[in-house]
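What follows is a short report on a single structure.
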Amino acid sequence: GLLEIFDSSSSEATFSNDITMCQKYQNGERVGCKLSCSCEWYASCFPKFEENPLNDSLVDGASQGRTHPRRNIGVCSLSVYIIIFCSTAIWGGMLLAILCTRTYLVDLEDQA
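Plus 81 on top of the position in the sequence shown (first one is 1) and you've got my numbering.
See below:
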């Protein structure tokens, strides 16, 4: 499973302050940000559950102390802020292209 990746001592990138960036896994996801690594600057950690081989008692606010057969290991994905910024930039760029094209065509018609 995905938890095997955290048993190895290798890491993709380690900085001087011992922050380990999450490794890219088989399917291209960077997993483990809820356990032992950090996401890139443009990414946030979102829930990703995997079977908990130890079946230890993992407690979260909603479980009220029950044991979990699954463990939240976390997955890095694009931050909501980055998605909003890109969407706004694309929308603004398209609006600017339409306005420029319209202005050019109106000027072209006025000259004729």
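Each residue gets a CB set at the ideal place from its N, CA and C atoms; glycine is no exception. As the structure is a computational prediction, the values presented were derived from the model and not from experiment.
Got a sec, what are the start and stop residues for the alpha helix (DSSP H) residue 186 sits in?
-> Numbered from 1 along the sequence shown, position 105 holds the residue referred to as residue 186. Residue 186 -> alpha helix (DSSP H) spans 161-192.
Buried/exposed call for residue 152, threshold 16 Cβ in 10 Å | Here residue 152 refers to the residue found at position 71 of the sequence shown. Looking at its Cβ environment, which holds 16 or more other Cβ atoms inside 10 Å, residue 152 is buried.
Nearest candidate by alpha-carbon position, reference residue 122, set 102, 112 and 167 = Indexing the sequence shown from 1 puts residue 122 at position 41. Out of 102, 112 and 167, 102 has the C-alpha closest to the C-alpha of residue 122.
For residue 154 and residue 112, believed in contact at Cβ under 8 Å, the rounded distance = Here residue 112 refers to the residue found at position 31 when the sequence shown is read from its first residue. Here residue 154 refers to the residue found at position 73 when the sequence shown is read from its first residue. A Cβ-Cβ distance of about 6 Å is found for the pair residue 112 and residue 154, placing them in contact under the 8 Å criterion.
So who's on the other strand from residue 153, going by DSSP bridges?
-> Here residue 153 refers to the residue found at position 72 when the sequence shown is read from its first residue. DSSP, once it has assigned bridges, lists 130 as partnering residue 153.
Helix, strand or coil: how does DSSP classify residue 115 here?
-> Locating residue 115 in the sequence shown gives position 34, where the first residue counts as 1. DSSP places residue 115 outside both helix and strand once states are collapsed to three, so it counts as coil.
Expressed to the nearest angstrom, what Euclidean distance is found between the alpha-carbon atoms of residue 162 and residue 128?
-> Taking the sequence shown and counting its residues from 1, one reaches residue 162 at position 81. Taking the sequence shown and counting its residues from 1, one reaches residue 128 at position 47. Here the alpha carbons of residue 128 and residue 162 stand approximately 17 Å from one another.
Residue 140: buried (16+ other C-beta within 10 angstroms of its C-beta) or exposed?
-> For this step, residue 140 is matched to residue 59 along the sequence shown. Annotation note: pLDDT 48 at residue 140 (below 50); position unreliable, coordinate value reported separately. Exposed is the call here.
Inter-residue spacing [alpha-carbon to alpha-carbon] between residue 177 and residue 158 | In the sequence shown, the residue the question calls residue 177 occupies position 96. In the sequence shown, the residue the question calls residue 158 occupies position 77. Distance between the alpha carbons of residue 177 and residue 158: 29 Å.
Going by the beta-carbon positions, is the gap between residue 168 and residue 125 smaller than 8 Å?
-> The residue you call residue 168 lines up with position 87 of the sequence shown. The residue you call residue 125 lines up with position 44 of the sequence shown. For the pair residue 168 and residue 125, the CB atoms are not nearer than the 8 Å cut-off.
Give the secondary structure of residue 140 by DSSP, where H, G and I count as helix, E and B as strand, and everything else as coil.
-> Residue 140 sits at position 59 when you count from the first residue of the sequence shown. Only weak support exists for where residue 140 lies, its pLDDT of 48 falling under 50; the value from the coordinates is given anyway. DSSP, read as helix, strand or coil, puts residue 140 in coil.
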